[in-house]
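Numbering (this note's numbering), first residue to last: 8 to 527. In this text, a Cβ means the ideal position worked out from N, Cα and C, and glycines have one as well. These notes concern the structure reproduced below.
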Amino acid sequence: MSIRIYNTLTKSKEPFEPITPGKVGIYLCGPTVYKEAHIGHMVGPVIFDTIKRYLTYNGFDVNWVVNITDVDDKLIGQSRERGITMSQVATEMTMDYCANLLAMGVDQITSMPRATENMVEIIQFIEGLIEKDYAYESSGDVFFDVQKDRQYGKLSNRSADEQQGEGGGAAAKKRSASDFALWKSAKAGEPAWDSPWGQGRPGWHIECSAMSRRLLGESFDIHGGGLDLMFPHHENEIAQSECCHGKPMAKYWMHNGLLRSGEAGKVGGRGERESDATDSVEQAASGKMSRSAGAGGLRDQLAKHGGEKIRFFLLKTHYRSTVVYSEAALDEAAIALDKFYVFFDRYERITSRSYYLAAGDDRKLVRRREEHDDSDTSGLLAEVKGYRDAYLAKMDDDFNSGGAVSELFNLLGSLNKFADQQNLEESAKRSQSDLDQFCRGVEVLRELSAILGLFLKPVASSAAGGSEETLDKLVQTFIRMRADARQNKDFALSDRIRDELTAAGVTLEDRKEGTTWRLG
RNA sequence: GGCGCCGUGCCCAAGUGGUUUAAGGGAGCGGAUUGCAAAUCCGUUAUUCAUCGGUUCGAAUCCGAUCGGCGCCUCCA
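In structure tokens form, the structure reads like this:
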């Protein structure tokens, strides 16, 4: 079974065959860094981070590029508003973006080129288009001549004359309304770069054509981005690159679904949105996730929920679907995730080792899928293999992370059941061979979840550093007091101790070999 | 208006021609376990996949119509 990818260009799933065997080039359209990111900006990075992990797991050498747009009208606007330079705005917001990516576990990006650092390449690219007569200069501006591109509109299935293009002052300079800017002349006081057409800055689309060529070549394997970028951005990228090079820009075009913000009280959903006659604030906020919709800062959301929860929440659903973001939906994801965290504690009780060390270091986790030893097919391991095969089949099918997650739950259930039945928590009753089987099953769980970028390292406890130890001592004291009460059959007192701890956020669990506790 | 996407149990969600008389998670209910819980396990909640027609030996999966939702056509990921 090989990997298949849904290609927007052909509207069908196609077998994945990279242009150069063994190597994969991916370009993902990144952010315009003028304001702090919101959760919607993380959908693409999270899914492509997962895609890269999966391709690496399958033995490919992946080069993943995410661009940073650091010159643009909105950036200029921010710099004026805040009284700092455009470059300062960009640097600040790029750092914010990168910090958010890391918090979400996105650490697979190979390079993040900035538009302003690629001016030479951009200008050369525009010159090439002018030479080939696909672009023209018009009093300091340069436009792409859409009429010259016979194939224009093939990605989004539109014809050139349907497109409005930029209006305003630029319209008068254009040969036809659908032409779009490659280079914009600078007005007084705007950041500008020297060019053959005078002082100015690049248009929105050209940086992606120029930087992808520099870093990935004239033709590369996968180009990705949000569904909203399909038109006009990606269409224009195709026009620029393919007219310039005379060959396909990217073999596979992938578009992720967009995030919507949902109203409180509803878990989410693809379809309905309740519409009241009154135009309430809540209603205005329920809809497309965008900066204007008051989606809430990602920074706050990350602080509140943690990156792993949000990542899991996004990966639970197929990347091409619309996801509705709400607190209720996130709470549900948290409950589901907890099943794994609870199991990791169980693993630790059984083996006296941290789950996070179960299969060596992280690099070993992302090994080639062929490296499996399936010679041992005894009871548990046969089941484990079944779930692993199902998991990989789901991922092979257009990176169906939602389906893959369900196999993770199946695997988890299998491991819990085995631990129950073979009394693995009671050292006197268990057998070494059962323990070995169990550990090998857990290694598979760790390996498969690593593909999704989950459970790679312990989630930072809400209690900071040193106070963690103090908290444990404190809780242990209560546990001892409660144990005494239980000895004396004073259940009223023992229950009160437990209830009050629960109210304080500490859950107790009585086990054969003693009482344990956890937060939450 | 043009171009697309979607409608699966109480909620979320995979599946897109037969191995599915439909995964997985949440919620509910019943049971095992527990002093009672928590956690875990077992059972249970869609003869049905918006509706109506059609194609087919066979459809949630293909085609058409209808209803409902969503996105893009404005430099929003």
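Open item on the list: Can you look up V449 in the DSSP assignment and give me helix, strand or coil?
Closed with: V449: helix per DSSP, three-state reduction.
TODO: Could you pull out every residue in the same chain whose Cβ sits closer than 8 Å to the Cβ of L419, ignoring the five residues on either side in sequence?
DONE: Around L419: K346, F347, F350 and L452.
- [ ] In angstroms with no decimal places, state the Cα-to-Cα distance between E520 and L459.
- [x] The alpha-carbon atoms of E520 and L459 are separated by roughly 34 Å.
Task: T92, buried or exposed, once every other Cβ within 10 Å from all chains shown has been counted against 16 - done: Under the 10 Å beta carbon count, T92 is surrounded by fewer than 16 other beta carbons and is classified as exposed.
Open item on the list: With a threshold of 8 Å, are at least 3 pairs of Cβ atoms found where one atom belongs to the segment 42 to 54 and the other to the segment 109 to 117?
Closed with: Yes: at least three Cβ pairs fall under 8 Å.
TODO: Report the three-state DSSP secondary structure of H240 (helix, strand or coil).
DONE: DSSP places H240 in helix when its eight states are reduced to three.
Open item on the list: With a threshold of 7 Å (Cβ to nearest heavy atom), would Y61 be considered close to the ligand MN?
Closed with: Judged by which ligands are present, the structure shown has none, so any question about the ligand MN falls away.
Open item on the list: Quick check: what's the CA-CA separation for N65 versus F462?
Closed with: Take the alpha-carbon of N65 and the one of F462: they are about 20 Å apart.
Open item on the list: Taking only three categories from DSSP, how would you classify T514?
Closed with: Strand.
Task: Residue of L35, D103, K139 and S183 minimising C-alpha distance to S118 - done: For S118, the nearest C-alpha among the options comes from L35.
TODO: Within its chain, find whatever has a CB closer than 7 Å to the CB of G210; leave out the 5 residues flanking it on each side and keep chain order.
DONE: Apart from the 5 residues on each side of it in sequence, G210 sits with its Cβ closer than 7 Å to the Cβ of F187, A188, L189, W190 and K191 in its chain, given in chain order.
Task: Spatial neighbours of R489 in its chain, beta-carbon cut-off 7 Å, leaving aside the 5 residues before and after - done: Around R489, the same chain offers S501, I504 and R505 as residues with beta carbons nearer than 7 Å, after the five sequence neighbours per side are excluded.
Task: Residues near R493 by beta carbon distance below 8 Å, same chain, minus five either side - done: Taking C-beta separations shorter than 8 Å and ignoring five residues to either side along the sequence, the partners of R493 in its chain run S501, following chain order.
Task: Of the residues W524, E197 and V466, the one placed nearest F485, counting alpha carbons only - done: Out of W524, E197 and V466, W524 has the C-alpha closest to the C-alpha of F485.
Open item on the list: With the cut-off set at 8 Å, would you say K464 and Y363 are in Cβ contact?
Closed with: Contact: yes.
Task: Touch test, the segment 405 to 421 against the segment 314 to 330, Cβ-Cβ under 8 Å, three pairs minimum - done: Verdict: yes, contact present.
Task: N- and C-terminal bounds of the alpha helix (DSSP H) containing H533 - done: Any question about residue 533 goes unanswered here, given that the chain covers just 8 to 527.
Task: Own chain, CB closer than 8 Å to A341, minus 5 neighbours either side, in chain order - done: Within the same chain, Cβ atoms closer than 8 Å to the Cβ of A341 are found at H312 and K316, the five residues on either side in sequence being excluded.
TODO: Report the three-state DSSP secondary structure of A184 (helix, strand or coil).
DONE: In this structure, DSSP gives A184 a state outside helix and strand, which the three-state scheme calls coil.
Task: Segment limits, alpha helix (DSSP H) that includes F425 - done: Where F425 is concerned, the enclosing alpha helix (DSSP H) stretches over S408 to Q428.
- [ ] Ignoring anything shorter than 3 residues or poking outside the segment 47 to 117, list the beta strand (DSSP E) runs there in chain order.
- [x] When DSSP assignments are scanned along the segment 47 to 117, the uninterrupted stretches of beta strand (DSSP E) that are 3 or more residues long and fall wholly within it turn out to be 68 to 73.
Open item on the list: Do G32 and G232 count as a contact pair if the criterion is CB distance below 8 Å?
Closed with: Cβ distance not < 8 Å, so G232 and G32 don't count as in contact.
- [ ] Buried or exposed for V96, please, with buried defined as at least 16 other CB atoms from any protein chain shown within 10 angstroms of its CB.
- [x] By the neighbour-count rule (16 or more Cβ atoms within 10 Å), V96 is buried.
- [ ] Please report the residue range of the alpha helix (DSSP H) in which K20 lies.
- [x] Where K20 is concerned, there is no enclosing alpha helix (DSSP H), although the beta strand (DSSP E) it sits in stretches over S19 to P22.
Open item on the list: Whole angstroms are fine: how far does the CA of L515 sit from the CA of T522?
Closed with: When rounded, the distance between both Cα atoms is 7 Å.
Open item on the list: Give me, in chain order, the residues of the same chain whose beta-carbon lies closer than 7 Å to that of Y61; leave out the 5 immediate sequence neighbours on both sides.
Closed with: Contacts found: M402, F406 and I458.
TODO: Go ahead and pull the three-state DSSP assignment for V40.
DONE: In this structure, V40 counts as coil in the three-state DSSP scheme.
Open item on the list: By the DSSP assignment, the alpha helix (DSSP H) with A310 in it spans what residues?
Closed with: That run of the alpha helix (DSSP H) goes L305 to H312.
Open item on the list: Does N495 come out as helix, strand or coil in the three-state DSSP assignment?
Closed with: Three-state result, N495: coil.
Task: 8 Å CB neighbourhood of K254 in its chain, flanking five on each side removed - done: Closer than 8 Å at Cβ, skipping near neighbours: E225 and S226.
- [ ] Assign F462 to one of three DSSP states: helix, strand, or coil.
- [x] F462: coil per DSSP, three-state reduction.
TODO: Given a cut-off of 8 Å, decide if Q206 and A217 are closer than it, judged by their beta-carbon atoms.
DONE: In this structure, Q206 does not lie closer than 8 Å to A217 by Cβ.
- [ ] Check whether the segment 233 to 251 touches the segment 157 to 167, counting contact only when three or more Cβ pairs, one atom from each stretch, lie closer than 8 Å.
- [x] Flag = yes, the segment 233 to 251 and the segment 157 to 167 touch.
Open item on the list: So the candidates are M126, D68 and N14; which of them puts its Cα closest to the Cα of H262?
Closed with: Taking only the C-alpha atoms, the option nearest H262 is N14.
Open item on the list: I need the DSSP call for N263, collapsed to helix, strand or coil.
Closed with: The answer is strand: DSSP assigns N263 an E or B state.
- [ ] Please classify F150: is it buried, with 16 or more other beta-carbons within 10 angstroms of its beta-carbon, or exposed?
- [x] F150 is buried by the Cβ-count criterion.
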